[in-house]
Amino acid sequence: MIAATWPSARPKSFLGVAAIAWLAAYSVLVPVSEAIVAALPVDRASHLGSALQFFFYDTPKVLLLLTGVVFVMGLVNSYFTPERTRAMLSGRTGGLGNVLAASLGVVTPFCSCSAVPLFIGFVQAGIPLGITFSFLIAAPMVNEVALALLLALFGWKIALLYLALGLAVAIVSGWVIGRLRMEAHLEDWVRDLARTQASVGAGSTTLAQRVQAAFAAVRDIVGRVWPYVIAGIAIGAAIHGYVPEDFMAGLMGREAWWSVPAAVAIGVPMYANAAGIIPIVEALLAKGAALGTVLAFMMSVIALSLPEMVILRKVLKPRLIAVFAGVVATGILVVGYVFNAVL
Amino acid sequence: MKDVKVLGTGCANCRATVQRIEEAARAKGVDIQLTKVEDMPSIVAYGVMATPGVVVDGKVVHAGGVPRKEAIESWLA
C-alpha cells in the first residue's frame, strides 16, 4: 500500500503535498457545487436550487476545514503529552500559572473520561488547585472541533473570539478557585496520595509518528463527528425558508436581558459535544438570537455538564464542585453580556 | 502466561481496548490473563494520566486512546 507508507517514509514531502492538495480542493468548492447543481434536474434560480447549491458547497467546506484543523491539532497534540504538560506546570504559582495552564489545556490531548486521572496526576505533582482547574476548564471548552466549526460556519473572527473568551473564562475561574483555598474539599483519598515527581518520560517521537498520530485523530474525530455536521447543515438549510427571520429575536435577542442567564441555565444540564451543539447554534443565530447569548449557551453546554460533575465527584467534595460550577457559570455569563453589549 | 490489565472507568475506548487485546491474543495464540481495573484509586496508583491505560506484567506500556494493533502485538510477543 503506497498510500499508507508514503506519509511515514517521507513525512515532510507528504505534508507539503497534502497542504497544496487541501488548498486546491478548498479553492474549487464553489465551481464544483455549481457544477453538481447544474447536472441535477432542478432550476438553479429556484428556492430548492439555491438550497442544494448551499448544501453541496457548505458540506464539503465544513468537512474540509474540520479535517484540516483536526489534522493540524493532531500534529500539535503530539508535542504536548499530559506528562510533559504536568512537568511544565509543576512549580508554577500565581496568575501566570493560570494563563499557562489554560493555554496548555488547548493544545494537550484531552478526553473528558480521563479528567480524573489527569486531575490526580496534577495534584500529586504539587500543582496548585487553581492552576489545575484552569487546565480542566480550558481543555474541553476550547477544542479543535468547536474552533473548526465556528471557523467554517461563522468566520475566523468569531472563532478567534471564542478562543480568547474561552481562555479568559478558564484563566479567571481557575484564579478565583485558587484564591478560595479549597484544598480541604478534595476527597480524602486524593489528599493522602503520595507526591510523585513530575518528570518527562523519555522517548523521542519522529515526524512520521506525529503524522500517524494526526491521521489517527482525523479518523477518530472526523469519523465520529461528520453525521452531526451534515445534520446541522441540513437543518440550517431547511429552517432557512420556513421559520421567520426574527423568530428568536424577541426570545434570545439583545434586548432580552434575562436571555443570557436563561441560556446558561439551560446549557449546564445539557450534555453534547461541540459538533452536536453547532446545528442548534447555527439555527438560533440565523433566526435573530444575539451572538453573546448563543456563545454563552454553547460554552455552558460544552464546558459544564452533569456527567462531568458526576465523574469529578470521585475526587472533589460537593462544595468544591458547586464552587467550580458556580465560578465557571458566572464567567460564561459575563462573556455573554459583554458580547451582547459590544457587538 | 502474560498478565494484562486494562485501566479505565468503562468508557467506550476502554471497552474497545479490551476487545482489541483479546482479539490479538487469540489471533497470535498467546495465553493471557486479562483483567479490567475500574476503580479510580487503583488506576491512579499506576501513575497514568490518561485512560485507557494498559499494564503488561506490572509495567505500564500505554496510556491514552485505543492502542494500535501493532503495538498490542509487540506487547504480546
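Sequence order for the protein chains is A and B.
Our numbering runs 33 ahead of the 1-based position in the first sequence.
Our numbering runs 642 ahead of the 1-based position in the second sequence.
Built from N, CA and C at the ideal position, the CB exists for glycine as well.
Among the residues facing chain B, PRO142(A) is included, as its CB has a counterpart in that chain under 8 Å away.
Chain A places a beta carbon closer than 8 Å to that of VAL690(B), counting this residue as a contact.
Of all residues in the region 670-701 of chain B, only MET682, PRO683, ILE685, VAL686, GLY689, VAL690, MET691, ALA692 and THR693 place a beta-carbon less than 7 Å from a beta-carbon of chain A.
A distance of 8 Å or more separates the beta carbons of LEU718(B) and LYS647(B). Under the 8 Å Cβ criterion, the region 243-253 of chain A counts as touching the region 90-108 of chain A, having at least three qualifying pairs.
Counting every other CB atom within 10 Å of its CB across the protein chains shown gives ALA181(A) a total of 16 or more, marking it as buried. Cβ atoms of LEU122(A) and LEU137(A) come within 8 Å of each other, at about 7 Å. Per the coordinates, the alpha-carbon of ALA666(B) lies some 17 Å from the alpha-carbon of GLY707(B). Residue environment: VAL690(B) is assigned as buried (16 or more neighbouring CB atoms within 10 Å of its CB, all protein chains considered). For ASP253(A), the three-state secondary structure derived from DSSP is helix. For LEU353(A), same chain residues with a beta-carbon under 6 Å away, outside a window of 5 residues either side, are MET215 and HIS218 in chain order. Annotation for LYS94(A): the continuous alpha helix (DSSP H) segment containing it runs 80-110. When C-beta atoms of the region 140-159 of chain A are compared with those of the region 60-73 of chain A, fewer than three pairs fall below 8 Å, so the two segments do not count as touching. Going by beta carbons, ALA322(A) and GLY369(A) fall outside the 8 Å limit. In this structure, LEU186(A) sits near VAL95(A), with a CB-CB distance shorter than 8 Å.
By the rule that beta-carbons nearer than 8 Å mark a contact, THR659(B) does not touch chain A. In the displayed model, GLY127(A) falls within a helix according to three-state DSSP. When the beta-carbon positions are compared, GLY364(A) and VAL202(A) come within less than 8 Å of each other. Annotated three-state conformation of LYS701(B) is strand, per DSSP. In the structure shown, LYS644(B) adopts extended strand secondary structure according to DSSP, grouped into three states. Contacts between ILE153(A) and chain B, judged by CB atoms closer than 7 Å, involve VAL686 in chain order.
In the three-state DSSP reduction, GLY695(B) falls in the strand class (E or B). Sequence-distant Cβ neighbours of THR238(A) in its own chain, meaning closer than 7 Å and more than five residues away, are SER111. Along the region 341-355 of chain A, going in chain order, the ones with a CB nearer than 9 Å to a CB of chain B are ILE344, LYS347 and VAL348. Secondary structure of ILE160(A) (DSSP, three-state): coil.
Pairing ALA68(A) with PHE89(A), the inter-Cα distance amounts to about 10 Å. The C-alpha of LEU183(A) lies about 23 Å from the C-alpha of PRO64(A). Of the residues assessed, GLY127(A) falls on the exposed side of the cut-off, its CB having fewer than 16 other CB atoms within 10 angstroms. Within chain B, the residues whose beta carbon sits less than 8 Å from that of SER147(A) are MET691, ALA692, THR693 and GLY706, listed in sequence order. Looking at the DSSP output, ILE210(A) shares a beta bridge with no other residue.
Below 8 Å, enough C-beta pairs join the region 709-718 of chain B and the region 646-663 of chain B to call them touching: three or more. For THR677(B), the uninterrupted beta strand (DSSP E) segment begins and ends at 674-679. In the structure shown, LEU349(A) adopts extended strand secondary structure according to DSSP, grouped into three states. Residue GLU315(A) holds the alpha-carbon nearest to the alpha-carbon of TYR261(A) among ASP225(A), GLU315(A), ALA241(A) and LEU200(A).
In chain order, ILE685, VAL686, VAL690, MET691, ALA692 and THR693 make up the part of chain B whose C-beta sits under 7 Å from the C-beta of PRO150(A). With its beta carbon less than 8 Å from one in chain B, TRP222(A) belongs to the interface.
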